[in-house]
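A.B. asks: The structure that follows is given in the form of structure tokens.
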Amino acid sequence: MNLFTYLPSAIIISNIIFIILLIFFERRDPTATWGWLLILTLIPVLGFILYLFLGLTPKKRKTFRRKQHIDELKNMSKERKEELLAEVRSNFSKLERNIIRLGFQAKTTALVGYNELKIYTNGSDKFNDLFNDIENAQEFIHVNYYIIQNDKLGDKLINLLAKKAAQGLEVRLLYDKMGCRNLSTHSLNMLEDAGAETAPFAPFILDINYRNHRKNVIIDGQIGYLGGINVGEEYIGHSKRFADWRDTHLRIKGKNVDSMQHRFLLDWNFAYGKELFNEEKYFPPKNINDGSPVQIVSSGPDSKEQIIKSLFLKMIYGAEDNIYIQTPYFIPDQPVLEALKNAARSGIDVKIMIPDRADHPFVYGANHSFVGSLLESGARCFRYTKGFLHSKTISIDERILSIGTTNMDTRSFKLNFEINAFIYDKKVAKEHEEIFNNDLKYSDEITMEDYQNRSWTLKISESISRLLSPIL
Numbered sequence: 001m002n003l004f005t006y007l008p009s010a011i012i013i014s015n016i017i018f019i020i021l022l023i024f025f026e027r028r029d030p031t032a033t034w035g036w037l038l039i040l041t042l043i044p045v046l047g048f049i050l051y052l053f054l055g056l057t058p059k060k061r062k063t064f065r066r067k068q069h070i071d072e073l074k075n076m077s078k079e080r081k082e083e084l085l086a087e088v089r090s091n092f093s094k095l096e097r098n099i100i101r102l103g104f105q106a107k108t109t110a111l112v113g114y115n116e117l118k119i120y121t122n123g124s125d126k127f128n129d130l131f132n133d134i135e136n137a138q139e140f141i142h143v144n145y146y147i148i149q150n151d152k153l154g155d156k157l158i159n160l161l162a163k164k165a166a167q168g169l170e171v172r173l174l175y176d177k178m179g180c181r182n183l184s185t186h187s188l189n190m191l192e193d194a195g196a197e198t199a200p201f202a203p204f205i206l207d208i209n210y211r212n213h214r215k216n217v218i219i220d221g222q223i224g225y226l227g228g229i230n231v232g233e234e235y236i237g238h239s240k241r242f243a244d245w246r247d248t249h250l251r252i253k254g255k256n257v258d259s260m261q262h263r264f265l266l267d268w269n270f271a272y273g274k275e276l277f278n279e280e281k282y283f284p285p286k287n288i289n290d291g292s293p294v295q296i297v298s299s300g301p302d303s304k305e306q307i308i309k310s311l312f313l314k315m316i317y318g319a320e321d322n323i324y325i326q327t328p329y330f331i332p333d334q335p336v337l338e339a340l341k342n343a344a345r346s347g348i349d350v351k352i353m354i355p356d357r358a359d360h361p362f363v364y365g366a367n368h369s370f371v372g373s374l375l376e377s378g379a380r381c382f383r384y385t386k387g388f389l390h391s392k393t394i395s396i397d398e399r400i401l402s403i404g405t406t407n408m409d410t411r412s413f414k415l416n417f418e419i420n421a422f423i424y425d426k427k428v429a430k431e432h433e434e435i436f437n438n439d440l441k442y443s444d445e446i447t448m449e450d451y452q453n454r455s456w457t458l459k460i461s462e463s464i465s466r467l468l469s470p471i472l
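Just so we're aligned, residue 1 is where the sequence shown starts under full-length UniProt numbering, counting upward by one.
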């Protein structure tokens, strides 16, 4: 008997099993549950494949259970937290104290320290400084990227890392297997032949839905980089499709580099499968005793708490004057959407900036599907037109700012491993506001009239994308 005769029946039975799992065993957001039920019912064959790779959470729990356990073992002591909370109580405003305390709830949250900060708004400036810092490294270089393209910029990074490894420095490259799918085996072999170590994060195909979206580099334990800029020619504006690439990245020099180092070592230990201990050489003394207070916070599917999302919500609810957000993917869940709407209704100046084009299917429609309700609430939305906007920032009241890898979407909140810097410095927050206002010069405001007169094709795209938004 031909096995293909039974294939449709087998798929239907599998779909029924998945539906039972969804209803009775999976503790999902109800909107995500309904989304998957609809897909499994309407397109059983494709739905079966999609759910196998993108929907199974038992695999996630099993895959990352060991990682969560390792991270918790490295959690800061209760005594150290109490010591830091005492410092927080004396040096920060009530809202800042509340946000910092909430950040401490993360199992591996970083500490509040003092740091010299530099904000980058394009990839060219960031990579000029990054390559210079790598060239001047003396002890070790730890690199973690979501995307490294197999192009001129990617080759330059790989060649520089190989050069430093050949000089005797410790060089480690942690890369996301899915995001770096174009990174050549030749490049990895060249690094390893030079003495560097490499490790893919979540390389198995059933882990495809849970990605290491972090982009952080630590050099000699003194300098750290994090933000939205990956490694590739498009990120420095050399792309016919996107032209100018507008992004935000951060260079940190100071005490919180230890926090970034701690995060890297935890991720490395999980991916490499071999413990790299927190030796003192990775946490050298810092000579900076002034600068910006910063809290490094990471989140991911290995934790039940969506801590970065919770901190965003705390910022939104704590805002008194303004909330400025830049994100390439504006697909918020209901709590975030309602928080923004309520803020706008309260008279707070809420501005959301999104791209005027998409780099992924459905994203453009999904972004716009949430615009209408925000406009009705009094928020203002803008499309950035000078190239592609990939910046991931949120600031309130010219006093608190977050820069990192987290998009304002469900995937970043629930499925990706992310890292953000929360900055409690009016001067730096003011600098970001000036950057935001400059970007407004290259943006078109989406008025209610514009939204109501949008094309029927966009309306269809919005409807489909909104329906799929819980699983995008």
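Beta carbons: idealized from backbone N, C-alpha and C, even for Gly.
Hey, how far is the Cα of arginine 383 from the Cα of lysine 392?
C.D. replies: 15 Å
A.B. asks: Should tryptophan 456 go down as buried or exposed, given a rule of 16 or more other Cβ atoms within 10 Å for buried?
C.D. replies: exposed
A.B. asks: Give the secondary structure of phenylalanine 422 by DSSP, where H, G and I count as helix, E and B as strand, and everything else as coil.
C.D. replies: strand
A.B. asks: I'd like to know if the segment 170-178 and the segment 186-196 are in contact, where contact means that at least 3 CB-CB pairs between them fall below 8 Å.
C.D. replies: Proximity of the segment 170-178 to the segment 186-196 meets the contact definition, three or more beta-carbon pairs being nearer than 8 Å.
A.B. asks: Can you tell me where the alpha helix (DSSP H) with glutamate 449 in it begins and where it stops?
C.D. replies: Taken as a continuous stretch (DSSP letters only), the alpha helix (DSSP H) holding glutamate 449 covers 448-452.
A.B. asks: Between the segment 302-311 and the segment 432-441, do three or more beta carbon pairs fall short of 8 Å?
C.D. replies: Output reads no: the segment 432-441 does not touch the segment 302-311.
A.B. asks: If we ignore side chains and look at the alpha-carbon of each, how far apart do arginine 246 and asparagine 212 end up?
C.D. replies: 22 Å
A.B. asks: Could you check which residue in Lys94, Gln105 and Gln149 has the C-alpha nearest to that of glutamate 305?
C.D. replies: Minimum Cα-Cα distance from glutamate 305 among the listed residues Lys94, Gln105 and Gln149 corresponds to Gln105.
A.B. asks: Start and end of the alpha helix (DSSP H) containing glycine 103?
C.D. replies: 94-104
A.B. asks: Taking leucine 337 as part of the beta strand (DSSP E), name the residues at either end of that continuous run.
C.D. replies: Careful: leucine 337 lies outside any beta strand (DSSP E), inside the alpha helix (DSSP H) at 334-345.
A.B. asks: Indicate the three-state DSSP secondary structure (helix, strand or coil) for alanine 319 in the structure shown.
C.D. replies: coil
A.B. asks: Are the CB atoms of phenylalanine 422 and glycine 300 within a distance shorter than 9 Å?
C.D. replies: no
A.B. asks: Are the CB atoms of isoleucine 223 and leucine 153 nearer to each other than 9 Å?
C.D. replies: no
A.B. asks: Could you give the residue range of the beta strand (DSSP E) that holds arginine 263?
C.D. replies: It is not in any beta strand (DSSP E) - arginine 263 instead sits in the alpha helix (DSSP H) that spans 257-272.
A.B. asks: Can you check whether the CB of glycine 221 is closer than 9 Å to the CB of residue 490?
C.D. replies: In the structure as shown, the chain starts at 1 and stops at 472, and residue 490 therefore has no counterpart that could be examined.
A.B. asks: Is methionine 315 buried or exposed, if buried means 16 or more other CB atoms sit within 10 Å of its CB?
C.D. replies: buried
A.B. asks: Assign lysine 281 to buried or exposed, taking buried as 16 or more other Cβ atoms, counted over all protein chains shown, within 10 Å of its Cβ.
C.D. replies: exposed
A.B. asks: Closest by CA to tyrosine 145, which one among Asn132, Ile229, Pro328 and Val371?
C.D. replies: Ile229
A.B. asks: In this structure, how does DSSP classify serine 239 when only helix, strand and coil are distinguished?
C.D. replies: coil
A.B. asks: Which value, in whole angstroms, describes the spacing of the CA atoms of phenylalanine 388 and valine 428?
C.D. replies: 24 Å
A.B. asks: Considering only residues of the same chain and omitting the five flanking positions on each side of threonine 327, which have a CB-CB separation below 7 Å?
C.D. replies: Ile354, Lys392, Asn407 and Met408
A.B. asks: Suppose you measure from the CA of cysteine 381 to the CA of glutamine 334; what does that come to, to the nearest Å?
C.D. replies: One C-alpha to the other measures close to 18 Å.
A.B. asks: Tell me whether asparagine 128 is buried or exposed, calling it buried when 16 or more other Cβ atoms sit within 10 Å of its Cβ.
C.D. replies: exposed
A.B. asks: Could you tell me the distance, in whole angstroms, from the CA atom of asparagine 289 to the CA atom of asparagine 115?
C.D. replies: If you take the alpha carbons of asparagine 289 and asparagine 115, they lie about 8 Å apart.
A.B. asks: So what does DSSP say about arginine 61, is it helix, strand or coil?
C.D. replies: Only weak support exists for where arginine 61 lies, its pLDDT of 49 falling under 50; the value from the coordinates is given anyway. Helix.
A.B. asks: Starting from glycine 154, trace the alpha helix (DSSP H) both ways and give me its first and last residue.
C.D. replies: 152-166
A.B. asks: In the DSSP output, which residue or residues are listed as bridge partners for serine 298?
C.D. replies: Paired residue(s): Ile419.
A.B. asks: Taking residue 483 and tyrosine 175 to be in contact with their CB atoms under 8 Å, please state how far apart those CB atoms are, rounded to whole angstroms.
C.D. replies: Past the edges of the chain, shown from 1 to 472, lies residue 483, and the structure says nothing about it.
A.B. asks: Out of Ile208, Gly123 and Tyr442, which has the shortest C-alpha to C-alpha gap to aspartate 356?
C.D. replies: Tyr442
A.B. asks: Do you know offhand how far glutamate 462's Cα is from asparagine 91's?
C.D. replies: 46 Å
A.B. asks: Can you give the Cα-Cα distance for valine 371 and tyrosine 451, rounded to whole angstroms?
C.D. replies: 8 Å
A.B. asks: On the CB-based measure, 16 or more other CB atoms within 10 Å of its CB, does isoleucine 460 come out buried or exposed?
C.D. replies: exposed
A.B. asks: Any idea what DSSP makes of arginine 411, helix, strand or coil?
C.D. replies: Arginine 411 falls in the helix class under three-state DSSP.
A.B. asks: Let me make sure I understand the geometry here. Which of His368, Lys341, Ile325 and His360 has the alpha-carbon closest to that of isoleucine 352?
C.D. replies: Closest by alpha carbon: Ile325.
A.B. asks: How would you label proline 181, buried or exposed, when you count the other beta carbons within 10 angstroms and need 16 or more for buried?
C.D. replies: Residue 181 is actually arginine in this sequence, not proline. Answer is exposed; the Cβ neighbour count stays below 16.
A.B. asks: Mind reading off the beta-carbon distance from tyrosine 225 to valine 217? Whole number of angstroms is fine, and I expect it under 8 Å.
C.D. replies: 4 Å
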